[in-house]
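Undergrad: After the structure tokens below, expect a handful of questions from me.
Number of protein chains: 2
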Amino acid sequence: MPDAKNDNIFLVGLMGAGKTTIGRLLARKLGKRFVDSDHEIEARTGASIPWIFEIEGEASFRRREADMIRELTGQHGIVLATGGGAVLDPANRKLLAERGTVIYLRAGINSILQRTAHDRNRPLLQTADPRKKLEELLAQREPLYREVADLVIDTGRPNVQSMVGTILEQMAACVKERPGTAMNQTKRINLDVALGSRSYPIVIGSAVLDDAGLVARHLGSGKAAIVTNATIAPLYLERVAAPIRAAGHEVIEIVLPDGEQYKTWESLNLIFDALLANKCDRKTTLVALGGGVIGDMTGFAAATYMRGVPFVQVPTTLLAQVDSSVGGKTGINHPLGKNMIGAFYQPRAVLADIGTLDTLPSRELSAGLAEVIKHGAILDAGFFDWIEQNIDKLVARDPDALAHAIARSCEIKAEVVRKDERESGLRAVLNFGHTFGHAIEAGLGYGNWLHGEAVGCGMVMAADLSQRLGYIDSAAVERVRALVKAAGLPVVAPDLGAERWIELMEVDKKNEGGQIKFILLKPLGSPCVTSVARETLLETLAACTA
Amino acid sequence: MPDAKNDNIFLVGLMGAGKTTIGRLLARKLGKRFVDSDHEIEARTGASIPWIFEIEGEASFRRREADMIRELTGQHGIVLATGGGAVLDPANRKLLAERGTVIYLRAGINSILQRTAHDRNRPLLQTADPRKKLEELLAQREPLYREVADLVIDTGRPNVQSMVGTILEQMAACVKERPGTAMNQTKRINLDVALGSRSYPIVIGSAVLDDAGLVARHLGSGKAAIVTNATIAPLYLERVAAPIRAAGHEVIEIVLPDGEQYKTWESLNLIFDALLANKCDRKTTLVALGGGVIGDMTGFAAATYMRGVPFVQVPTTLLAQVDSSVGGKTGINHPLGKNMIGAFYQPRAVLADIGTLDTLPSRELSAGLAEVIKHGAILDAGFFDWIEQNIDKLVARDPDALAHAIARSCEIKAEVVRKDERESGLRAVLNFGHTFGHAIEAGLGYGNWLHGEAVGCGMVMAADLSQRLGYIDSAAVERVRALVKAAGLPVVAPDLGAERWIELMEVDKKNEGGQIKFILLKPLGSPCVTSVARETLLETLAACTA
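Order-wise, the sequence lines are chains S and G. Last residue of the first sequence: 551 in this note's numbering, with the numbers rising by one and none dropped. Last residue of the second sequence: 551 in this note's numbering, with the numbers rising by one and none dropped.
In structure tokens form, the structure reads like this:
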């Protein structure tokens, strides 16, 4: 008898996420039997789900559902679509987790509203404001879906066939992974950055690096040029290169010096030299293996080598996994300003292996947490709360906490990028803390403070400025300061002198017409872009520097 | 009484080009009376145009039309839409040219076919193959439309309002220009590069540089950074800068050393240094004033400064006007290959002042003619014939011949770019002669042979190779060789040694999987992309080098 965990597949997720459609196709592909829990309840009772809700009430339906889950999970070789609320019952969650591979089909609220617009068979949506109801449901159930899931699949893709293909690949990969470490090794989260023809997947999970099929799928037919740095190369280069080579690709290895101070034209030119020396053509795919510096430089090299070749991001730092690898910002520094030379150029995929964070220095882990905090502070007050409650776990590298922090950060960022790929408006809010942060980095010389450290301190300064403009109260400033500090980041800025501070901030790319643009909090959880009076700015500089 | 030339506007062009729609709006905007020649004929005869063709024959219709043209052009203050064939009669052309400002509304065959698909009122299109008929009509009439026109307007724009706006601006500009030089100073040709949201106009004419309104229209609200070289600056920089400054823009002048050998990262960095030193923000527009090297470098700087700012091409060499300023290829050279680092990045406009060719050294004029010949050789045998017939005029800088050569080259190139912006297929044909040419340039060191000289010689080699594969006969090779020679270009390649030749050609960007890709003629006037046997290539190298 096969292991029950592999023999059954249980689909969980909100109503309208596609559990039935995907489940049927998945069952056909795997030669399993498809069962829909709600349909089974209707067949047994002879009543429709709305009728049961109407006459018996939700509690009674949940009892019937629990009985059905117990019965169906006891079977073998099925693909089971569960009702959206099945995970509310701890007993159900336990049975699902023990008796099958659980796949969370995750859908955005907009797409659910579209799919269920004319469906009268969803009792919980028969309200005046279905969007609000869905948001409540998602807030309540999302942690439960994630808790029980072995695999999270974003159902943003337009095509059911390709989504089922992804599920099958991911399941195959999960089976190969090593069990028995602290983290649930089979957990893998799939997200999509929806940019039309430039859309690409983000895969977050463990042992992603060893998954030859996953990496090779994004390589095309040509050579692979892996760009990394001298610190990362001994740790991970061969682990990435070997399976790609085994898949039949010629691999060129390009190892650059490590550090923000090498994010220069000279390093970029080392990439070009190696590509040309190895006769790399336009079918060559660049693979960025490393942190934000490697990702930004490799992306810019890909954007400009022969006027553009494909590239894949394999981020190995928390900062790169939660921020810089997603969204297509690439570039190098100029002595007069950070990231002043670059391009918007999207990768073909972002493959984030959480296992690489095990070797990350604490200082860099903290630097990555700065961007996690940023995503909560500007766009998701609930996520900010969650970070506050879990900051100790995050600093202690609890894998489940890290996985959630990375996934939620990528989701927030992907949504912003989808709405404003080329930073003509909204996307600027992702620079919260960065106007001050860039000035700190440039003022001290790149590489003295890590980017994330500068951003962490910059967020405290931006919060201080927000309070001076009356946008938030002092308690909110203190929450930001305390969280940045708890993440292991500096909260007091270097004293560069007010004139130098302002001069450095004036070269920021967001500026227009000589005015410095700040991203501020109005209130915590919501961004606001504005210029400020010089006196107010001087007050913040005086209050936050030492 | 106002000057008759300014008081009347006559619209000429093929059926379906929009003469009636545009004419009505233009008349309303100018407070003139709109008259349609065909409608007047129908009103006078009481018979429809198809009926007149059917019963009386075309010759009779043309007589009625000539009478009507004579009568209507004698009036004042009208906008007259003429029939598509009105220009066939020399008497009509004389009347139109003398008695009003003639605007040629030029439309592509595809758009005419779309617009006339369901129109039974076009007697000449009632044939089995309307496309062929239209092509014949266009070939016959295009030179006549151009001969009579003061202004050529491409009707590719989706919006009649914006097209009429362009016509009004262009007419205002024509009035301001100085009369009395060799070229018809009022002639201005407008084309469109149709790339959806990245579409942009090409304006070809005299005194474009002095047209403050024209240049400023493409600048946006910010600063203008004019990038040019030490040769061009004393000739034209102030002429371009003064009207922009007068229009209220801050102007930054960036003067680079002149020559292909300076198409490097170092020169590019001089641009970045100046932009940053002058606190240029994302609203700054870069203006490329110069030849291909300045255009390519400025375009690449625009593509990558702060991840992208707008730019305008103001080409001052024939090569830049007929080729490099159109299509968005930007970049710099690498010691291991020409244009290896770059981006596809479209300008906001291409403004080509034919007057700048007066100061162009003969060697550079010849270099530009190489690309003109290329456009005929690969995509328009009729244009190739025309170049053969007019090569002496072109070398002697006859302004009308140059205007036609530039306009037709831009049209051919714009059409190729429209179909394949990022060189995934078709666009590669524009590299005819370039595979050999790039090897000559790299082999001798950049700057020894001009790019156009290398391409000219490269075309002779590609023709030789085409013959060896049986694609063209020796007479066609001789025609290419003779035309390249008559243009003042080299036809014998330097002897780099066969191994070095092949090594240099192997780094070409078009190559895939190690195979050198050649663009060949099959036959003259049509391109063919292929790899060739090493022996055949060696034969061509032996035959064409000395």
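For each residue, glycine too, the CB sits at the ideal point set by N, CA and C. All of these numbers come straight from a predicted model, not from anything done at the bench.
Using a Cβ-Cβ cutoff of 7 angstroms, what residues of the stretch 338-351 of chain S are near chain G? List them in chain order.
TA: His-339, Leu-341, Gly-342, Met-345, Ile-346, Gly-347, Ala-348, Phe-349
Undergrad: Looking at Val-512(G) and Cys-415(G), is the spacing between their C-beta atoms short of 9 angstroms?
TA: Contact check for Cys-415(G) against Val-512(G) fails: the beta carbons are separated by 9 angstroms or more.
Undergrad: If you run the structure through DSSP and keep just helix, strand and coil, what is Ile-237(G)?
TA: Ile-237(G) carries a coil assignment under DSSP once its states are collapsed to helix, strand and coil.
Undergrad: Going by C-alpha to C-alpha distance, which of Ser-329(G), Lys-490(G), Thr-322(G) sits closest to Pro-366(G)?
TA: Thr-322(G)
Undergrad: Verify the CB distance criterion: does Ala-308(G) have a CB-CB separation below 9 angstroms to chain S?
TA: yes
Undergrad: Near Leu-494(S), which residues of its chain fall below 8 angstroms by C-beta distance, leaving aside the five closest residues on each side in sequence?
TA: Ser-371, Ala-372, Leu-374, Ala-375, Gly-457, Glu-458, Gly-461, Cys-462
Undergrad: What are the boundary residues of the alpha helix (DSSP H) that includes Tyr-150(G)?
TA: 135-153
Undergrad: Could you spell out where the beta strand (DSSP E) holding Cys-285(S) opens and where it closes?
TA: Per DSSP, Cys-285(S) belongs to no beta strand (DSSP E) and is neither H nor E.
Undergrad: For the stretch 67-121 of chain G, list the beta strand (DSSP E) runs that are entirely contained and at least 3 residues long, ordered along the chain.
TA: 83-86, 106-111
Undergrad: How about Ile-114(S) and Leu-149(S): do their beta carbons lie closer than 9 angstroms?
TA: no
Undergrad: Could you work out which residues of chain S lie near Phe-277(G), taking near to mean beta carbons separated by less than 9 angstroms?
TA: The CB of Phe-277(G) comes closer than 9 angstroms to the CB of His-339, Leu-341, Met-345, Ile-346 in chain S, given here in chain order.
Undergrad: Where DSSP assigns a beta bridge to His-439(S), which residues make up the other side?
TA: In the DSSP output, where bridge partners are listed per residue, His-439(S) has none listed.
Undergrad: Counting contacts by CB-CB distance shorter than 9 angstroms, is Phe-305(S) in contact with chain G?
TA: Taking Cβ atoms only, chain G reaches closer than 9 angstroms to Phe-305(S), which makes this a yes.
Undergrad: Distance, Cα to Cα, Thr-160(S) vs Glu-140(S)?
TA: 17 angstroms
Undergrad: Would you report the Cα separation of Ile-249(S) and Ala-221(S), rounded to the nearest angstrom?
TA: 6 angstroms
Undergrad: Along the beta strand (DSSP E) that carries Lys-343(G), what are the first and last residues, could you check?
TA: 342-349
Undergrad: If we cut at 9 angstroms on Cβ distances, does Ser-204(G) have a partner in chain S?
TA: For Ser-204(G), no CB of chain S lies under 9 angstroms from its own CB, so it is not counted at the interface with that chain.
Undergrad: Strictly below 8 angstroms CB to CB, what residues from chain S border Trp-270(G)?
TA: Trp-270, Asn-274
Undergrad: Taking only the alpha-carbon atoms, compute the straight-line gap between Ala-547(G) and Asp-469(G) and give it to the nearest angstrom.
TA: 11 angstroms
Undergrad: Taking Cβ-Cβ distances shorter than 8 angstroms, what residues in chain S pair up with Lys-418(G)?
TA: Near Lys-418(G) there are no residues of chain S at all, since even the closest Cβ is about 16 angstroms away, more than 8 angstroms.
Undergrad: Span of the beta strand (DSSP E) holding Glu-258(G)?
TA: 256-261
Undergrad: Are three or more beta carbon pairs between the stretch 442-457 of chain S and the stretch 422-431 of chain S nearer than 8 angstroms?
TA: Segments in contact, no.
Undergrad: Who are the near neighbours of Ala-551(G) in its chain, counting only those whose CB is closer than 7 angstroms to its CB and skipping five residues on each side?
TA: Only Val-497, Asp-500 meet the Cβ criterion.
Undergrad: If you compare alpha carbons, which of Leu-118(G), Val-165(G), Asp-41(G) is closest to Pro-135(G)?
TA: Leu-118(G)
Undergrad: Can you give the Cα-Cα distance for Leu-449(G) and Ile-392(G), rounded to whole angstroms?
TA: 29 angstroms
Undergrad: Determine the DSSP secondary structure at Arg-49(G), reduced to helix, strand or coil.
TA: helix
Undergrad: For Glu-174(S), collect the residues of the same chain with a Cβ closer than 8 angstroms to its Cβ; drop the 5 residues on either side in sequence, then sort them by chain order.
TA: Gly-218, Leu-219, Arg-222
Undergrad: What three-state label does DSSP hand Arg-183(G) in the structure shown?
TA: Interpretation of Arg-183(G) is limited by its pLDDT of 35, a score under 50 that renders its predicted location unreliable; no figure is taken from the coordinates.
Undergrad: May I ask which residues mark the beginning and end of the beta strand (DSSP E) holding Gln-570(G)?
TA: Missing from the structure shown is residue 570(G); chain G here goes from 6 to 551 and no further.
Undergrad: With respect to the beta strand (DSSP E) encompassing Asp-478(G), which residues constitute its N-terminal and C-terminal limits?
TA: Premise fails: Asp-478(G) is in no beta strand (DSSP E) and is neither H nor E.
Undergrad: Between which two residues does the alpha helix (DSSP H) harbouring Leu-543(G) extend?
TA: 539-549
Undergrad: Of all Cβ atoms in chain G, is any one closer than 9 angstroms to the Cβ of Val-198(S)?
TA: No, no contact with chain G.
Undergrad: When you compare the CB positions of Ser-531(G) and Leu-435(G), do they come within less than 9 angstroms of one another, or not?
TA: no
Undergrad: Tell me the rounded alpha-carbon separation between Thr-236(G) and Ile-259(G).
TA: 13 angstroms
Undergrad: Counting contacts by CB-CB distance shorter than 9 angstroms, is Gly-282(G) in contact with chain S?
TA: It should be noted that the sequence gives Ala, not Gly, for residue 282(G). Yes, Ala-282(G) counts as interfacial toward chain S.
Undergrad: For chain S, is any of its Cβ atoms less than 9 angstroms away from the one on Arg-49(G)?
TA: no
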